[in-house]
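Novice: Numbering (my numbering), first residue to last: 1 to 449.
I have a structure I would like to understand better, so I am pasting it below and will then ask my questions one at a time.
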Amino acid sequence: MAKSELNGANTTKERNEQLLAEQKNLLRLIATGQSLEECLSALCRAVPRLNPGVRAGILLADSQNPSTPRPIAPDLQSLFVHEFKNAPIDHLTAGMLAEPIYHGISITSEDIKNDERWPKPWRDLCIKHHVLACYLTPVTGPDGKPKASFMLCFDEPRKPNEREQQLAEFGSDIASIAFERDQEQEELRKLNESLEERVEERTSALLSYQGQLRSLASQLSKAKEQERRRLATELHDNLGQILAVAKMKLAAVQKNQHSDQAAPDEVKDLLDKAITYTRELMSDLKPPPSLNKEDLGALVTWVAQKMKRYNLDVTIEDDGRPKPLSEETQTILMECVRELLFNVVKHANVKQARVVLSRLDKQMQITVEDRGKGFNSEKIEQASTTDDGGQFGLFNIGERMDLLGGELEINSAPGKGTKAILFAPMKEEQTAQTAQTAQTAQSNKATKN
């Protein structure tokens, strides 16, 4: 092999090794999350090291301001970059700088001074800063569309040689990788922000919910204690007094059996009153055993009758359709209706209410409605920050309906009354059985006819 050929081979090998070293360094910058501008600036600085006498720049199409390019060219004169940056890109649409960005094609200008494809102000600007020839190639983004123009600048009129064209392709490929990485980082940043916002929202909601539960637990504890006191007072003022008088009567009879012949009858009357009161108290605490537990309408009617004691007249409407419910669901619905009617008594300032029982496909719907003073239903969510017993009651009802797989819906506004709607699932197997029974009965009826 001739000495000149050997020297040429060595030079080519050295250049390839240098190219690989620069490529490794640039990819490391991109992979470690450096900013897009830092990566592209490093790419431009690598070009003179790979090919002395050639400078590089990148013209970015600014998505936020399409009419103005954003140049990155650390090895070109800062004044040139400044003037270039402030020039509107629409002046270039007939020239070459816009071609790679808008049309995705490579452009060569061997002699900028005499190249009439450039507007004269741009030719003068380039010549002023010793850019006498250039080669431009598009840089594509992750979507395959041109996002920038990679530009090699020469300080003499000439064409790019084969190695310089390859260098431009190298620069375009590295810049494309930088764009792709930048987009991934931007998407990751947005995702992280979104996740942080969601975590913050859910944490806030959870803390609020925990506060509601703590307040509800406290309110329920107070209500339990108040109910105990009420029962103790009831028993003392009624049953206790009746039994005390009966005991006194019996003591008097024992002391003098012939002094008062009417005493035994009076004791008997007192015991009858005690028994009657005990039964009424038991009935207030739970439905009587004789009541049909399978009929929610009967349970709600029983609750409505009890509300008369509080001067509330309740009208009940039932669509008459079968409503198969589990025992647990019926019990909870009955207690929720009672709680809603007590809210009417305590807060609505009216003497009438309406309860509507209806079936919606596989759901049971109960509507409790009044035309009272109403309230701002949006404030129910802030029940944990208030001592309003009505709102605590609604929160409690909502929690119990959630456990059933149902829902509580409140529609109310000041001066416009309140409509509370309970939704609860019906037993699917009973629903299917009921439908089959109804279908069989209808078929039998049709046969008879």
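Cβ atoms here follow ideal geometry from the backbone N, Cα and C, with glycine treated the same way.
Using 8 Å for Cβ pairs, my map puts Ile397 next to Cys336. What's the rounded Cβ distance?
Specialist: With a Cβ gap of about 5 Å, Ile397 and Cys336 count as contacting.
Novice: Helix or strand or just coil, what does DSSP make of Val47?
Specialist: DSSP places Val47 in helix when its eight states are reduced to three.
Novice: Going by C-alpha to C-alpha distance, which of Leu250, Arg70, Arg55 and Ala178 sits closest to Asn25?
Specialist: Among Leu250, Arg70, Arg55 and Ala178, the Cα nearest to that of Asn25 belongs to Ala178.
Novice: In the DSSP assignment, what are the bridge partners of Gln363?
Specialist: For Gln363, which the question treats as bridged, DSSP gives the partners Leu360 and Pro425.
Novice: Quick check on this structure: which residue in Asp111, Pro121 and Cys126 has the alpha carbon closest to the alpha carbon of Pro160?
Specialist: Here the closest residue by C-alpha is Asp111.
Novice: Which parts of the region 292-368 are runs of the beta strand (DSSP E), unbroken and 3 residues or longer, counting only runs that do not cross its ends?
Specialist: List check, beta strand (DSSP E) in window: 313-318 and 352-360.
Novice: Report yes or no: do the region 419-426 and the region 351-370 share at least 3 C-beta pairs separated by less than 8 Å?
Specialist: They touch, by the three-pair rule.
Novice: Can you tell me whether Pro52 is buried or exposed? The criterion is at least 16 other CB atoms within 10 Å of its CB, across all chains shown.
Specialist: Per the 10 Å Cβ criterion, exposed.
Novice: On a Cα-Cα basis, can you pick out the residue from Glu266, Leu76 and Pro157 that is closest to Lys249?
Specialist: Of the candidates Glu266, Leu76 and Pro157, the one whose C-alpha sits nearest the C-alpha of Lys249 is Glu266.
Novice: Hey, how far is the Cα of Ser176 from the Cα of Thr140?
Specialist: Taking the straight line from one Cα to the other gives about 6 Å.
Novice: Quick check on the DSSP output: the beta strand (DSSP E) that includes Glu409 runs from which residue to which?
Specialist: Per DSSP, Glu409 belongs to the beta strand (DSSP E) from Glu407 to Ser412.
Novice: Spell out a yes or no on whether the region 298-307 and the region 320-339 are touching, meaning 3 or more CB-CB pairs, one atom from each, closer than 8 Å.
Specialist: Yes, since at least three Cβ pairs between the region 298-307 and the region 320-339 fall closer than 8 Å, the two stretches touch.
Novice: Compute the Euclidean distance between the alpha carbons of Ile242 and Ala274, then round it to the nearest angstrom.
Specialist: Spanning the two alpha carbons is a distance of roughly 6 Å.
Novice: According to DSSP, simplified to helix, strand and coil, what is Lys147?
Specialist: The answer is strand: DSSP assigns Lys147 an E or B state.
Novice: Using beta-carbon positions only, say whether Arg45 and Leu60 come within less than 8 Å of one another.
Specialist: In this structure, Leu60 does not lie closer than 8 Å to Arg45 by Cβ.
Novice: So the candidates are Thr108, Arg354, His103 and Lys351; which of them puts its Cα closest to the Cα of Gly144?
Specialist: Out of Thr108, Arg354, His103 and Lys351, His103 has the C-alpha closest to the C-alpha of Gly144.
Novice: Using a Cβ-Cβ cut-off of 8 Å (strictly less than) and excluding sequence neighbours within five positions of Glu378, which residues of its own chain qualify?
Specialist: Closer than 8 Å at Cβ, skipping near neighbours: no residue.
Novice: Count the other CB atoms within 10 Å of the CB of His236; is the residue buried (16 or more) or exposed (fewer)?
Specialist: It is exposed - the Cβ of His236 has fewer than 16 other Cβ atoms within 10 Å.
Novice: Check Leu403 in the structure and name its three-state DSSP category.
Specialist: It is helical.
Novice: What first and last residue would you give for the alpha helix (DSSP H) that runs through Leu125?
Specialist: From DSSP, the alpha helix (DSSP H) with Leu125 extends over Lys120 to Lys128.
Novice: By DSSP's criteria, Met107 is part of a beta bridge. Which residues make up the other side?
Specialist: In the sequence as presented, Met is not what sits at residue 107; that position holds Ile. DSSP, once it has assigned bridges, lists Leu136 as partnering Ile107.
Novice: Given that a residue counts as buried once 16 or more other Cβ atoms are within 10 Å of its Cβ, and exposed if not, what is Thr315?
Specialist: So Thr315 counts as exposed.
Novice: Taking Ile58 as the reference, give the member of Thr331, Glu169 and Asn349 with the closest Cα.
Specialist: Of the listed residues, the one whose Cα sits closest to Ile58 is Glu169.
Novice: State the Cα-Cα distance for the pair His130 and Lys113, rounded to the nearest angstrom.
Specialist: Near 10 Å, if we compare the C-alpha coordinates of Lys113 and His130.
Novice: With DSSP as the reference, label Asp370 as helix, strand or coil.
Specialist: Three-state result, Asp370: strand.
Novice: Apart from the five residues on each side of it in sequence, which residues of its chain come closer than 8 Å, Cβ to Cβ, to Lys13?
Specialist: Nothing listed; no residue qualifies.
Novice: List the DSSP bridge partners of Phe154.
Specialist: BP columns for Phe154 point to Val54 and Ala133.
Novice: Nearest to Asp280 by CA position, among Arg228, Arg359, Asn238 and Ala298, is which residue?
Specialist: The identity of residue 280 in the sequence shown is Glu, whereas the question assumes Asp. Answer by Cα proximity: Asn238.
Novice: Among His347, Asp313 and Val199, which residue has its Cα nearest to the Cα of Val355?
Specialist: Ranking His347, Asp313 and Val199 by Cα distance to Val355 puts Asp313 first.
Novice: Going by the CB atoms, is the gap between Glu22 and Arg49 shorter than 8 Å?
Specialist: A contact, by the Cβ cut-off of 8 Å.
Novice: Can you have a look at Lys230 and say buried or exposed, based on whether 16 or more other CB atoms are within 10 angstroms of its CB?
Specialist: Residue identity differs from the one stated: residue 230 is Arg in this sequence, not Lys. So Arg230 counts as exposed.
Novice: Can you pull the DSSP bridge partners for Arg70?
Specialist: According to DSSP, which records beta bridges pairwise, Arg70 is partnered with Leu60.
Novice: Among Asp295, Gln330, Leu333 and Arg359, whose alpha-carbon lies nearest the alpha-carbon of Asp319?
Specialist: Ranking Asp295, Gln330, Leu333 and Arg359 by Cα distance to Asp319 puts Arg359 first.
Novice: Any idea if Ala438 is buried or exposed, counting beta-carbon neighbours within 10 angstroms, 16 or more meaning buried?
Specialist: Here the model assigns Ala438 a pLDDT of 49, short of 50, so the residue's position is not dependable, and the following value carries that caveat. Exposed: under 16 other Cβ atoms inside 10 Å.
Novice: Return the chain-ordered ranges of every beta strand (DSSP E) run that is complete within the region 173-219 and spans a minimum of 3 residues.
Specialist: Runs found: none.
Novice: At a Cβ threshold of 8 Å, is Ala232 touching chain C?
Specialist: The chain labelled as chain C is not found in the depicted structure, where only one protein chain is given.
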